[in-house]
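To keep things clear, I will list the structure first and then write my remarks on it.
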Amino acid sequence: MIIALVLRLAVLYGMWLMGSKALRFAEVYAERAVGAQDLRLFRFIRLGWLVAIIYMAVVVGIYTLRMEHLAAFYQQGNEVVAWFTQVIGRIVAVILLSYIALKVVNQLAERIVPGNEFSRRTVRVRTLTGVLRSTATVIIVILAFVMVLDNLGIRSSALLASVSVLGLAVSFGAQALIKDIFTGFFILLEDQYGVDDSIIVNNNPNLSGGVEKLNLRVTHLRALDGTVHIIPNGQIQTVSVQSKEWSRFVANVSVGYDADLDRAIEVIKKVAGELYEEAEWKDHFLEAPEVQGITALNMDSVNIRALFKVLPKSQWALGREFNRRIKRAMDEAQIMIPASRKTVNWGGEPLVVEFKQAPASEAPADLKKRPETGQDTDKNS
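One point on numbering: in UniProt numbering, the residue at position 193 of the sequence shown is 193, and numbering is uninterrupted.
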């Protein structure tokens, strides 16, 4: 009795939700069509719809709990329940219960999502929540479809047999889809990457960015410029994850050959140490910065490398701050960072190049003009 009451009230609740949404869509459409001059009619309709649902819930409750002494309400409740036991009523009940189930799944998924702090746990929870929500949605829709067919008198077993034969026929053409699903399954099982991770797909810089959505079939990747790349999981051969467990910013500072290298290294150590000690940036570090020293002798510069081991996805913000500070510190120390300019010295003194127009008598013969035709003179004429 209690279970029957709960199911019947759930159906009525679903009717109220769907009716409210339909009225809301109608109100929006009316507001766009005639303007927001007087839409009080919709308020009365919504109020009337709510009162009707509450009244039906009361009479259904009286009938379900067998309160036969309330004869008038008991009979009305019997009529409402009888309508639901008919074909159309059962179909409506199935659709409404499926709608409620979908709402419950979405609400639970939103409550499970963790806070904004980035960690492997939050990545995995967000990813699995999205996959479970989509899987539950598919299952609910399929079950509702089968139950509606049963109420229409169509045998679901025969339909499933036909679908299996059809599926066997198209299985050869669905190999790519099956590969996508299997690859997506192992991506989730092995926690290769998840939502909010920063990745590079197939060593292609054009397929890099943050994972916005991940399911068994595809990966949605948001690039820096806002472009969304939708990549079938079966086409993913290699993945470079830039935000797993820890990250590192590699700073390569170039100085000129005439620079005091020891002083340049001290400046880099000082800037890195200041970053490490500041409260604003200290929480980003997992280890103290490491200045490795001179790592390359290029054609026109000397490279000095520094390493910063930081929290996942912190390497870019810290790298920008380090670049800003190191440029200012190098300028203050008068250590030149090579740029796209050249200073040419000749014999210890700057080379001065002057351009002067040559006299007409010294001009090359092939540039002399014939006054009467304006054409070049030919030395063979």
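Heads up, the beta-carbon is just placed ideally off N, CA and C, and yes, glycines get one too.
Of the residues A176, M18, M147, A333, the one placed nearest D262, counting alpha carbons only = On the sequence shown, position 262 is the one that residue 262 refers to. Nearest of A176, M18, M147, A333 to D262, Cα basis: A333.
Distance between W246 and E212 (C-alpha atoms, nearest Å) = Taking the first residue of the sequence shown as position 1, residue 212 is located at position 212. Taking the first residue of the sequence shown as position 1, residue 246 is located at position 246. About 20 Å.
Using DSSP with H/G/I as helix, E/B as strand and the rest coil, what is P232?
-> One-based indexing of the sequence shown puts residue 232 at position 232. Here P232 sits in strand by DSSP.
Exposure label - V250; buried when at least 16 CB within 10 Å = As a first step, residue 250 is located in the sequence shown; it is residue number 250 there, counting from the start. Its Cβ having fewer than 16 others within 10 Å, V250 is exposed.
Name the DSSP bridge partner or partners of K309?
-> Here residue 309 refers to the residue found at position 309 of the sequence shown. BP columns for K309 point to R248.
Return the first residue and the last residue of the alpha helix (DSSP H) that E321 is part of.
-> As a first step, residue 321 is located in the sequence shown; it is residue number 321 there, counting from the start. Its alpha helix (DSSP H) spans residues 315-332.
Nearest to P312 (by Cα), restricted to the options A264, I199, I2 | The sequence position of residue 312 within the sequence shown is 312, counting from 1. It is I199 whose Cα lies nearest to the Cα of P312.
Put V34 into one of helix, strand or coil per three-state DSSP.
-> Indexing the sequence shown from 1 puts residue 34 at position 34. Bear in mind that the predicted position of V34 carries a pLDDT of just 49, short of 50, making it unreliable; the figure below should be weighed with that in mind. DSSP places V34 in helix when its eight states are reduced to three.
Taking only the alpha-carbon atoms, compute the straight-line gap between I268 and A296 and give it to the nearest angstrom.
-> Within the sequence shown, numbered from 1, the residue matching residue 268 stands at position 268. Within the sequence shown, numbered from 1, the residue matching residue 296 stands at position 296. Straight-line Cα distance between these residues: approximately 16 Å.
Out of L177, G184, F145, state which residue places its alpha-carbon closest to the alpha-carbon of T127.
-> For the purposes of this step, residue 127 is identified with residue 127 of the sequence shown, where counting begins at 1. Nearest of L177, G184, F145 to T127, Cα basis: G184.
Are V131 and I91 touching if we call contact CB-CB under 7 Å?
-> Along the sequence shown, read from residue 1 onward, the residue named residue 131 stands at position 131. Along the sequence shown, read from residue 1 onward, the residue named residue 91 stands at position 91. No; because the gap between Cβ atoms is not below 7 Å, this pair is not in contact.
Could you spell out the range, first to last residue, of the beta strand (DSSP E) harbouring V239?
-> By 1-based counting over the sequence shown, the position of residue 239 is 239. From DSSP, the beta strand (DSSP E) with V239 extends over 239-241.
What residues are listed by DSSP as bridge partners for R222?
-> In the sequence shown, counting from the first residue as 1, residue 222 sits at position 222. For R222, which the question treats as bridged, DSSP gives the partners G210, V228.
Expected contact under 8 Å - CB spacing of I95 and A144 to nearest Å | To locate residue 95, count along the sequence shown from 1; it is residue 95. To locate residue 144, count along the sequence shown from 1; it is residue 144. Contact flag correct, Cβ pair sits at about 7 Å.
Can you tell which of S301, M299, G319, N298 has the C-alpha that lies nearest to the C-alpha of L307?
-> Here residue 307 refers to the residue found at position 307 of the sequence shown. The candidate whose alpha carbon is nearest that of L307 is G319.
Using only alpha-carbon positions, find the residue among N202, N204, V228, R217 that is nearest to G210.
-> As a first step, residue 210 must be located in the sequence shown, where it is residue number 210. Nearest option by C-alpha distance: V228.
Out of curiosity, what's the CA-to-CA distance linking V201 and Q237?
-> The residue given as residue 201 occupies position 201 in the sequence shown. The residue given as residue 237 occupies position 237 in the sequence shown. V201 and Q237: Cα-Cα distance of roughly 8 Å.
Take every Cβ of the region 215-226, pair it with every Cβ of the region 268-283, and state whether three or more of those distances are shorter than 8 Å.
-> no
According to DSSP, what are the bridge partners of F186?
-> Taking the sequence shown and counting its residues from 1, the one referred to as residue 186 is at position 186. DSSP output for F186 lists no bridge partner at all.
Using the beta-carbon count (16 or more within 10 Å), is A317 buried or exposed?
-> For this step, residue 317 is matched to residue 317 along the sequence shown. Answer is exposed; the Cβ neighbour count stays below 16.
Whole-angstrom distance between V141 and R43, CA atom to CA atom = As a first step, residue 43 must be located in the sequence shown, where it is residue number 43. As a first step, residue 141 must be located in the sequence shown, where it is residue number 141. The alpha-carbon atoms of R43 and V141 are separated by roughly 32 Å.
Could you name the residues that DSSP lists as bridge partners for G293?
-> The residue labelled residue 293 in the question sits at position 293 within the sequence shown. Per DSSP, R305.
In angstroms, rounded to a whole number, what distance separates the CA positions of E277 and F285?
-> Residue numbering aside, residue 277 sits at position 277 when the sequence shown is read from its first letter. Residue numbering aside, residue 285 sits at position 285 when the sequence shown is read from its first letter. Spanning the two alpha carbons is a distance of roughly 10 Å.
What span of residues does the beta strand (DSSP E) with V201 cover, start to end?
-> For the purposes of this step, residue 201 is taken as the residue at position 201 of the sequence shown. That run of the beta strand (DSSP E) goes 198-201.
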